[in-house]
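First residue of the sequence shown: 1247, per my numbering; consecutive thereafter. Glycine included, each C-beta is placed from N, C-alpha and C at the ideal position.
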Amino acid sequence: MAADGKHANEPEHVTRLVAERLNAGDIDGIAELYEDDAVIAFPPGRTTTGIEAIKALYAGISEQGGKFPTDEEQLPTVHYGGLALTSTISADGKGTRTQVLRRQADGTWKRIIDRPEVR
């Protein structure tokens, strides 16, 4: 299914959509890309769990002027039924970003585990 620009019709679309939405300051739009009980391994050494905490995390990043690259190199996705493991090479080339996503009833994909910093 082709990307329509608004929905994560493939697991690989989520990374780009998160970056585009953060760069536009659309925190609610980012939250739509995570399941309600998702977990992010961030900030370093901690985890952020649940959609409200995830929104607060991204709001803080946005308020500090944080921007995400929208063109990181996508590594091959690994599928297992309704789950997908996606990864990108960080823009600085020094690490990878890894996520686990689950296919939703409507066919879109949402993150359930997000590890944005792996070195």
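Local conformation of residue i per DSSP, three classes
i: residue 1301; result: helix
i: residue 1256; result: coil
i: residue 1360; result: strand
i: residue 1261; result: helix
Buried or exposed (CB count within 10 angstroms, at least 16 for buried), residue i
i: residue 1261; result: buried
i: residue 1326; result: exposed
i: residue 1292; result: exposed
i: residue 1330; result: buried
i: residue 1324; result: exposed
i: residue 1258; result: buried
i: residue 1270; result: exposed
i: residue 1264; result: buried
i: residue 1295; result: exposed
Closest Cα partner of residue i within the set the options
i: residue 1335; options: 1355, 1297, 1319; result: 1319
i: residue 1301; options: 1257, 1268, 1350; result: 1268
i: residue 1362; options: 1314, 1257, 1297; result: 1314
i: residue 1287; options: 1321, 1354, 1346; result: 1346
i: residue 1289; options: 1306, 1282, 1341, 1281; result: 1306
i: residue 1316; options: 1255, 1253, 1252, 1266; result: 1266
i: residue 1344; options: 1354, 1358, 1350, 1338; result: 1358
i: residue 1341; options: 1356, 1355, 1321; result: 1321
Supposed contact pair residue j and residue i - C-beta distance, whole angstroms, cut 8 Å
i: residue 1352; j: residue 1284; result: Between residue 1284 and residue 1352 the Cβ distance is about 17 Å, and since that is not below 8 Å, they are no contact.
i: residue 1279; j: residue 1356; result: 6 Å
i: residue 1255; j: residue 1354; result: 6 Å
(Q) Could you tell me which whole beta strand (DSSP E) segments of length 3 or greater appear in the region 1276 to 1331? (A) 1280 to 1286, 1324 to 1326
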